[in-house]
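This report refers to the structure that appears directly beneath it.
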Amino acid sequence: MNGSALRVWLVDDDASIRWVLERALRNDGMAPRAFEAAEPALDALRRESPDVLITDIRMPGASGLELLKRIHDARPQLPVIVMTAHSDLANAVSAYEGGAFEYLPKPFDIDQAIALVRRAASAGQQPGNDPGGAPRMPELLGTAPAMQQVFRAIGRLSRSSVTVLITGESGTGKELVARALHEHSPRAERPFIALNTAAIPADLLESELFGHERGAFTGADAQRRGRFEQADGGTLFLDEIGDMPLPLQTRLLRVLAESTCASSPRPTRACRSA
Numbered sequence: 003m004n005g006s007a008l009r010v011w012l013v014d015d016d017a018s019i020r021w022v023l024e025r026a027l028r029n030d031g032m033a034p035r036a037f038e039a040a041e042p043a044l045d046a047l048r049r050e051s052p053d054v055l056i057t058d059i060r061m062p063g064a065s066g067l068e069l070l071k072r073i074h075d076a077r078p079q080l081p082v083i084v085m086t087a088h089s090d091l092a093n094a095v096s097a098y099e100g101g102a103f104e105y106l107p108k109p110f111d112i113d114q115a116i117a118l119v120r121r122a123a124s125a126g127q128q129p130g131n132d133p134g135g136a137p138r139m140p141e142l143l144g145t146a147p148a149m150q151q152v153f154r155a156i157g158r159l160s161r162s163s164v165t166v167l168i169t170g171e172s173g174t175g176k177e178l179v180a181r182a183l184h185e186h187s188p189r190a191e192r193p194f195i196a197l198n199t200a201a202i203p204a205d206l207l208e209s210e211l212f213g214h215e216r217g218a219f220t221g222a223d224a225q226r227r228g229r230f231e232q233a234d235g236g237t238l239f240l241d242e243i244g245d246m247p248l249p250l251q252t253r254l255l256r257v258l259a260e261s262t263c264a265s266s267p268r269p270t271r272a273c274r275s276a
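In the numbering used here, the protein residues as written are 3 to 276.
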């Protein structure tokens, strides 16, 4: 941008939102341009491009998600911020799936919105920047800022294969979050296995997790596939891991670090843990 004002385009059918954002952006030294629908914005994009584009989702004509898809196909490096008053996970992760840089629920704080625009502009300048994305899940709903943070985290993590630690008080929906991560990931067609480790006696938990071979110990009359192997290629949700015996926690840590576990000669890989 070579020191010139950031060019920020706004697409929203609500004139009051356009006015407020235009004024705030201009007061912050940026160069905003407003559109009341997706079509004129797309037409303008054929001739020039902004540094950041902000769009509403629900508008007459093409929706903000349709606009996002067309922008992502034509200009994948352009950071797009998606905003909507209809705050639910379906909208949030659909926005990420379409390649949005960030999801901004209404009502929003102007100062935070300005900071987000500047962060998006900086990210758009990075070589190889790809906003990434994630799928959707209508089971989790919420408009509170804390829930919006959860939605954004699910949106970012659902396509990753990393191990995810989910914390929270009893009854706050940790398994719901784990299921959302699974159902909106590339592993959605593979198994989702949930295990409450506190409900399994300590002397049986290792076999429950990792399985055993026939004859491995007294009473092992047949081979047993452990939960890791059952969840191969999918997601394993381990609840109450803090109650596991320490030696077993050590082995679990090694499994998570190496992404390999085996009760038989065939290792099990690519099993995501949540």
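Using N, Cα and C, we set each Cβ at its ideal position, and we do this for glycine too.
Can you pull the DSSP bridge partners for residue i?
{"i": "Val-13", "result": "Phe-37 and Thr-57"}
{"i": "Ala-196", "result": "Phe-239"}
{"i": "Gly-213", "result": "Arg-227"}
Suppose you measure from the CA of residue i to the CA of residue j; what does that come to, to the nearest Å?
{"i": "Asp-14", "j": "Ser-172", "result": "40 Å"}
{"i": "Asp-234", "j": "Thr-165", "result": "14 Å"}
{"i": "Asp-2", "j": "Gly-157", "result": "Outside the shown range of the chain, which is 3 to 276, sits residue 2, and nothing can be said about it."}
{"i": "Pro-193", "j": "Ile-19", "result": "44 Å"}
{"i": "Leu-67", "j": "Arg-60", "result": "8 Å"}
{"i": "Phe-230", "j": "Pro-147", "result": "35 Å"}
{"i": "Leu-211", "j": "Leu-250", "result": "10 Å"}
{"i": "Arg-226", "j": "His-74", "result": "47 Å"}
{"i": "Leu-178", "j": "Asn-198", "result": "14 Å"}
{"i": "Glu-215", "j": "Phe-110", "result": "57 Å"}
{"i": "Arg-253", "j": "Ser-162", "result": "23 Å"}
{"i": "Pro-137", "j": "Ala-190", "result": "In this prediction, Pro-137 has a pLDDT of 38, which is less than 50 and means its spatial position is unreliable; nothing more can be read from the coordinates."}
Just to confirm before moving on: does the CB-CB distance between residue i and residue j stay below 8 Å?
{"i": "Leu-159", "j": "Leu-183", "result": "yes"}
{"i": "Ala-180", "j": "Thr-237", "result": "yes"}
{"i": "Trp-21", "j": "Leu-55", "result": "no"}
{"i": "Pro-62", "j": "Ala-125", "result": "no"}
{"i": "Leu-69", "j": "Leu-106", "result": "no"}
{"i": "Ala-123", "j": "Leu-8", "result": "yes"}
{"i": "Ala-64", "j": "Ala-40", "result": "yes"}
{"i": "Leu-23", "j": "Pro-34", "result": "yes"}
{"i": "Arg-77", "j": "Ser-96", "result": "no"}
{"i": "Phe-239", "j": "Ile-195", "result": "yes"}
Using 7 Å as the cut-off, classify the Cβ of residue i as near or not near the heavy atoms of the ligand NAD, replying yes or no.
{"i": "Ala-97", "result": "You won't find the ligand NAD in this model; it holds no ligand whatsoever."}
Contact between the stretch 233 to 251 and the stretch 149 to 156: three or more CB pairs below 8 Å? no
Please give the ranges of any alpha helix (DSSP H) in the stretch 69 to 128, keeping only runs that are unbroken, at least 4 residues long and fully inside the region. 91 to 99 and 112 to 126
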